[in-house]
Each structure stands twice: as structure tokens, then as C-alpha cells.
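Q: Residue numbers (my numbering): 953 to 1114.
Idealized CB from N, CA, C, for every residue including glycine.
As the structure is a prediction and not an experimental result, all values here were calculated from the model.
Here you go, one structure.
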Ligand code: MN
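Have a look at this one:
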């Protein structure tokens, strides 16, 4: 069931976050939310198959090549989360302030993928994409360096010459 984990972690009577609804959309939106939780991080979310594929990036995502950021793969978020900003109350999962840090569209670069799907690229542990945001533009890579151990730690970096 899509968004099962998202739903399980939250009490929608308390949090102002969007409900667990899948929404098919034509556009490939992305958002990066600056999330001042117990620890400041940046949530990168890419729209795919009605949800937002999500990674918690431990420091500000790089605008230039040469910097690798740790990006922890987290549960899918509902499509409407891309517009969410606000305060998650104390005691709730991810308690703290969420603000949109960047937004725009992305283009998956799937020439190496046999079936041309973002979901499959994520499953295989490497996704290349081009961001067209307000802050970030250019080609990026998400790479799961723990895939053989089933880990959730990925790297995010900008491709050279992009
Ligand atoms: Mn977060």
C-alpha cells in the first residue's frame, strides 16, 4: 500500500501535514524543504507515480560539483507535501519547522535504465536527474552506496560539467 509508512508515523488530528493521498500528476515536480527538526536537514522530494520519493539530506544540497552530501532515503510522502510549509507540533514525528527552500521541476536521466522508470532506478540504487529549480539547476546523482547491505544511506552530488 502506498504511503503506509507515512501514515503510520503521523497523527493527522495533530499534525498540519497533508494526509496520505496518492495523486497522479503529469508534471515532474521537485521540492527541497528546509526542516528544522531535532537536527536541521533538507528534504529532497521528487514526484513519481503519484507520490514524492524522499531523501533527508544532512546539509545544504550543493549548487556546484565537488561536494557530496549524505542523503538518507526516507518514506514516500504524498504529492501534496510539495506545497507544505509550517510547524509540526512537539511530540509529533519530525516536530519542528518546515519551509520550502527550493522548488521546480526535474527531468529523470534514464538512458542507462532498461525500462526507463524512476522507480526502477531507485530500486537499483542510482538515479540521475536534472533539476530546474529556483536555486538549484543542473544534473545531479543520487547514489545508494549501501545497497549491498540493504542500507538507506545515499550520496547526493552534482555532476561535473553540469
Ligand atoms: Mn524532514
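#1: Does residue 1154 come out as helix, strand or coil in the three-state DSSP assignment?
#2: Does the count of Cβ pairs from the region 1039 to 1051 and the region 1013 to 1029 closer than 8 Å reach three?
#3: Kindly indicate which residue of 1089, 989, 1059 has the alpha-carbon position closest to the one of residue 978.
#4: Spell out the partners DSSP gives residue 1078 in its beta bridges.
#5: Leaving out five residues on either side along the sequence, give the residues of the same chain with a beta carbon under 6 Å from the beta carbon of residue 1084.
#6: Going by alpha carbons, who is nearest to residue 1081 out of 1093, 1019, 988, 1033?
#7: If you count every other CB in all the chains shown that lies within 10 Å of the CB of residue 1067, and 16 or more means buried, which is it?
#8: For the region 1005 to 1035, list the alpha helix (DSSP H) runs that are entirely contained and at least 4 residues long, ordered along the chain.
#9: Check each candidate in 1073, 1086, 1091, 1087 and name the one with the smallest Cα separation from residue 1099.
#10: Give every residue whose Cβ lies closer than 6 Å to any heavy atom of the ligand MN, listed in chain order.
#11: Can you have a look at residue 1035 and say buried or exposed, based on whether 16 or more other CB atoms are within 10 angstroms of its CB?
A: Inspection of the coordinates gives the following:
#1: Residue 1154 lies beyond the stretch modelled for the chain, which goes from 953 to 1114, so this question has no answer here.
#2: no
#3: The sequence position of residue 978 within the chain shown is 26, counting from 1. When only C-alpha atoms are compared, the closest one is 1059.
#4: As a working mapping, residue 1078 is identified with position 126 in the chain shown. Beta bridge pairing from DSSP links residue 1078 with 1095.
#5: Taking the chain shown and counting its residues from 1, one reaches residue 1084 at position 132. Answer for residue 1084: 1056, 1057, listed in chain order.
#6: For the purposes of this step, residue 1081 is taken as residue 129 along the chain shown, with counting starting at 1. For the residues 1093, 1019, 988, 1033, the minimum Cα distance to residue 1081 belongs to 1093.
#7: Locating residue 1067 in the chain shown gives position 115, where the first residue counts as 1. Result: exposed.
#8: Runs found: none.
#9: Along the chain shown, read from residue 1 onward, the residue named residue 1099 stands at position 147. It is 1073 whose Cα lies nearest to the Cα of residue 1099.
#10: Cβ atoms closer than 6 Å to the ligand MN belong to 987, 989, 993, 995, 1008, 1046.
#11: What you label residue 1035 is simply residue 83 of the chain shown in a count that begins at 1. Exposed.
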